[in-house]
Amino acid sequence: MSHAPASSQSAAWRPDTIVLHAGYDGLQHQRSAAVPIYQTSSFLFENAQHGAELFDLVQEGPVYARTGNPTQVVLEQRIAQLEGGAAALAVASGMAAIDITLATLAQAGDHVILASALYGGTHNLVVHVLQGRGIASTVVARGDSDALRAAITERTKAVFLESVGNPSGEVADIAAIAALAHDHGVAVVVDNTSATPLLIRPLEHGADVVLHSATKYIGGHGAVIGGLIVDGGRFDWNAQTQRYPQLTRPDPAFHHVVFTERYPEAPLLARARTVMLRNAGATLAAHSAFLLLQGLETLALRMERISNNTLAVLDFLQVQPQVARVFHAAVSGHADREQARRYLRGGLIPGLLSFELHGGRAAARQFYDALQLFLRLVNIGDSKSLAAIPAETTHHLLSDAELARVGIAPGLVRLSIGIEHPDDLLADLGQALKQATATSDSSPSSIDGLQEPA
Ligand SMILES: Cc1ncc(COP(=O)(O)O)c(C=O)c1O
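To convert, note that position 337 of the sequence shown is 1107 in the working numbering; the numbers rise steadily by one, no gaps.
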């Protein structure tokens, strides 16, 4: 399988071009202009010697689609180039990307730090599921560098954060967190789902690994579930042999390979594919990879439109009498406004925002039920505008105390802004707000008691 870029100019391409062309040369694929779907479980050996060499890692190439497929490889190369990383791995879902990455870095007895507000599923995976596998975790309040420093132990294998929090919309100070983690020899993993590489490129700010739920903006059509892992290729694992023996010493789970020797460009990614994906099998289907590629082609255009629409919605919501607070890093007075300016590229802003109504949970429910254009569901990043009440859906597994810690009031409404005409979005929000007539209920809000989302 050719890993060569389509042309020698490709290293200089802008994101708008990368999403259409990187990692694919149709002349190597039966002259097919579109990336073909390699709908096969297995790949042929030319002869016994060829098969043996593939298995002995003397030759590279696909063998069995659990660990790779040429359709998926194009997606991987595109996202690696978009993020400025050394290599990428496509997997079955965003959660699989998070689980595989943390399982590659940490095992029983180890420790992971969560350093920002997080998607509820990630919080649940790390705090509850990984705990059952013997991996401890510490949740550190965002921006609390003293607590982060104090939480790092010799067993800490990763500091995990989201570049733009879902649903809080906070923008993380990736560079400050990375500098602190690196002082202690710990790798930094950033979930870049809500920002996309069009808005933030975490590797440029010191992150070591970047993850995506490709289900969201990468696909953009809400038609498929997928995940991506990008290895920045810059972390010096060999300077941390005690901390990361699985990358720096022979690994019995894969030919006793020393990953930093055999795959110096992207050892973490190589282990994620050859040990975690091979053995746990959270594989992305070729057809799903194809659908994600179709969506990815328009990412740059979509993010521009989403950004403009989000600005229009923010301006609108902030002057509505029923709205108590609006949370987005572009809103004046938001604690992350300056940080957002430093991190966000190309004048774009994220398409996720949340707000609270004066009537709390009851009013949020009335507003929600009255929506006619915004879809009531729990996805984000679709071309269509979406609405959710996190405390009742994505974050319903969190206790009240955990909800408070991640800054989610019970009546918080989250919007994921799409690419519809902005006037139609405002009209829908306006008519739904008029239905939110409940007067203040007794549910706590972020104003009284809860930690603010931003
Ligand atoms: C920020 C973030 N990361 C990860 C995930 C998990 O991704 P998936 O649903 O593709 O497993 C989600 C899903 O909502 C998310 O919002």
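For every residue, glycine included, the Cβ atom is placed at its ideal position computed from N, Cα and C.
Bear in mind that the values here come from a model prediction, so they are computed numbers and not experimental data.
With a minimum length of 3 residues, the unbroken runs of beta strand (DSSP E) contained wholly in the segment 829-869 fall at 857-861. Arg925 sits in coil when the DSSP states are folded into three classes, being neither helix nor strand.
Distance from the CA of Leu1185 to the CA of Ala948, rounded to the nearest whole angstrom, comes to 29 Å.
Below 8 Å, too few C-beta pairs join the segment 1030-1040 and the segment 777-788 to call them touching: fewer than three. Take Val897, set aside five residues on each side of it, and the residues of its chain with a beta-carbon closer than 6 Å to its own are Ser907, in chain order.
Closest in alpha carbon position to Met1073, among Ala1094, Asp943, Ile1119, Phe1029, is Ile1119.
A heavy atom of ligand 1 is found nearer than 7 Å to the CB of Ile1150.
Shortest Cα-Cα distance from Leu1147 to any of Ala1174, Leu1168, Ile1187 involves Ile1187. For His893, the enclosing alpha helix (DSSP H) covers residues 890-894.
In the three-state reduction of the DSSP assignment, Ala1050 falls in the helix class, which pools H, G and I. Straight-line measurement puts the Cα of Gly1181 at about 42 Å from the Cα of Arg1041. At least one heavy atom of ligand 1 lies closer than 7 Å to the C-beta of Lys986. With a contact defined as Cβ atoms closer than 8 Å, Val1183 and Ile1159 qualify at about 6 Å. DSSP places Gly997 in the uninterrupted beta strand (DSSP E) bounded by 997-1001.
The closest CA to that of Thr892, considering only Pro1022, His799, Ala911, Ala866, is found on Ala866. CA-CA distance, Val861 to Gly996, rounds to 6 Å. A straight-line Cα-Cα distance of about 8 Å links Ser915 and Leu950.
The alpha carbon of Val1027 has as its nearest neighbour, out of Val1045, Val882, Gln1012, the alpha carbon of Val1045.
Arg1095 is positioned such that its CB atom lies closer than 8 Å to that of Phe1125. In the DSSP assignment, Leu1118 falls outside any alpha helix (DSSP H), carrying neither H nor E. By the C-beta criterion, the segment 1055-1074 is judged to be in contact with the segment 984-995, since at least 3 inter-stretch pairs fall below 8 Å. The C-alpha of Gly1151 is placed about 27 Å away from the C-alpha of Val910. Asn936 counts as buried, since at least 16 other C-beta atoms from the protein chains shown sit within 10 angstroms of its C-beta. The C-beta separation of Thr1053 from Arg848 comes to about 18 Å, leaving the pair out of contact by the 8 Å criterion. Of the other Cβ atoms in all chains shown, fewer than 16 fall within 10 Å of the Cβ of Asn817; this residue is therefore exposed. About 20 Å separates the CB atoms of Phe813 and Gly796; that is not less than 8 Å, and the two are not in contact. When distances are taken from the beta-carbon of Glu1162 to the heavy atoms of ligand 1, even the shortest one reaches 7 Å or more. Not one heavy atom of ligand 1 falls within 7 Å of the beta-carbon of Met1046. In this structure, Gly1103 and Glu974 do not form a Cβ contact; the two beta carbons are roughly 28 Å apart against a cut-off of 8 Å.
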